[in-house]
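Residue numbers (this note's numbering): 11 to 324.
Written out as structure tokens, the structure reads:
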């Protein structure tokens, strides 16, 4: 009788332990039994510069997977980077990869899991002028002089409008690549967002603006086409071309780097299991997601697109 009771108790304890272990394994950080590669709810942070194209990616992914809910918080890049320490944010989309220190810290936070990151596409910074402006082509020296506040050049009278004076990827690009670490000029102004830059330039002839090309460079987007009735996308000097030519931030010019203001778009995934974050990442880096980047007139980083010479008979 005692032996039977002991066996029953042992089996009961084993069952409880097994159930507890299962619950622990299924409720790892951010993971529940209802989440899969194509279902569940996650939150991500994305650089506001890329809102139009990321909105398109999320829309198609969720339409293809009814159980998926991706909540995107659009922020300046620096705020997205701070979200690497935020347990509720599963992924960030920014314009650089991880530093060695950031990767090491995230590996510790993920209990030995390894963060995934990589390039998604290549973007360009479009330079905007008012629709009435007669200045529609700029040398790179002109652009650098304007952001440094040089008033002696032929474009020294222009105000330069960015999507913020700090923390955004556009500001970082301007400060690092154009101002070369020097302070930005007093003529550099801050709008609250990329759309704020577009609105300001539309109404002010004495200013130029800089925004991510996905906000203004898609000729198939009716809203963007309508915006171009009030402003123009300036042509920028191709420094590698001989003879010198001035080019728009078109997809071909981004791909060949003939347009000089090009930057990469990266994902950083904080997930050490096959959850919805992994599923959305796979979507972004494989054919369907890459085609959406292409359709938005960015240059896909993961999909091979061949350039062919063609002859057209008249």
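In this text, a Cβ means the ideal position worked out from N, Cα and C, and glycines have one as well. In this text, all values refer to a predicted model and were calculated from it rather than measured experimentally.
Starting from the C-beta of residue 117, find all residues in its chain whose C-beta is less than 8 Å away, skip the five residues before and the five after it, and write them out in chain order.
-> 123, 124 and 125
task: On a CA-only basis, which of 309, 286, 294 and 311 is nearest residue 45? Give me that one, please.
output: 286
Original post:
Tell me which same chain residues have a C-beta within less than 8 Å of the C-beta of residue 146, skipping the five on either side of it?
Top reply: 139, 242, 244 and 245
ask   = Could you give the residue range of the alpha helix (DSSP H) that holds residue 65?
value = 61-74
Review point. On the three-pair Cβ rule with 8 Å, is the segment 166-180 touching the segment 195-205?
Key: yes
Worksheet item: So what's residue 124 in DSSP terms, helix, strand or just coil?
Response: coil
Worksheet item: Run through DSSP, which three-state label would residue 188 get?
Response: helix
Expressed to the nearest angstrom, what Euclidean distance is found between the alpha-carbon atoms of residue 178 and residue 254? 31 Å
Worksheet item: What first and last residue would you give for the alpha helix (DSSP H) that runs through residue 179?
Response: 179-183
Q. Taking just the CA atoms, how far does residue 222 sit from residue 60?
A. 7 Å
(message) Using only the alpha-carbon positions, how far apart do residue 155 and residue 163 sit?
(response) 7 Å
| task | Could you tell me which residues DSSP pairs with residue 198 in its beta bridges? | result | 170
Roughly how many angstroms separate the alpha carbons of residue 215 and residue 161, rounded to a whole number? 17 Å
Contact set for residue 306: own chain, Cβ-Cβ below 6 Å, skip 5 residues either direction
63, 224 and 228
task: Measure the CB-CB distance between residue 260 and residue 47 and report whether it falls below 8 Å.
output: no
Start-end ranges of the beta strand (DSSP E) lying completely within the segment 72-149, minimum 3 residues
78-85, 99-104 and 126-140
Original post:
Around the C-beta of residue 109, are 16 or more other C-beta atoms found within 10 angstroms, so that it is buried, or is it exposed?
Top reply: exposed
I need the boundaries of the alpha helix (DSSP H) containing residue 298, first residue and last residue.
297-305
Neighbour-count burial assignment, residue 78, 16 or more Cβ in a 10 Å radius:
buried
ask   = CA-CA distance, residue 73 and residue 56?
value = 20 Å
Inter-residue spacing [alpha-carbon to alpha-carbon] between residue 211 and residue 181: 17 Å
(request) Go ahead and pull the three-state DSSP assignment for residue 206. (result) helix
Strictly by DSSP, which residues pair up with residue 220?
137
In this structure, how does DSSP classify residue 154 when only helix, strand and coil are distinguished?
helix
Can you tell me whether residue 244 is helix, strand or coil according to DSSP? coil
Q.
Rounded to whole angstroms, what is the Cα-Cα separation between residue 311 and residue 291?
A. 13 Å
* Asked: Can you give the beta carbon distance from residue 120 to residue 282, rounded, assuming they're within the 8 Å contact cut?
  -> 5 Å
### Query
Does the Cβ of residue 63 lie closer than 7 Å to at least one heavy atom of the ligand ADP?
Inclusion of the ligand ADP in the displayed structure is not the case, the ligand content being empty and no account of it being possible.
#### Entry: Neighbourhood of residue 143 by C-beta, 8 Å cutoff - its chain only, sequence neighbours within 5 removed
215 and 242
Do you know whose CA, among 278, 58, 218 and 257, lies nearest residue 272's CA?
-> 257
Where do the ends of the alpha helix (DSSP H) carrying residue 261 lie?
261-266
**Asked** Do you know how far the Cα of residue 195 is from the Cα of residue 127?
**Response** 34 Å
Taking residue 237 as part of the alpha helix (DSSP H), name the residues at either end of that continuous run.
232-237
With DSSP as the reference, label residue 50 as helix, strand or coil.
-> strand
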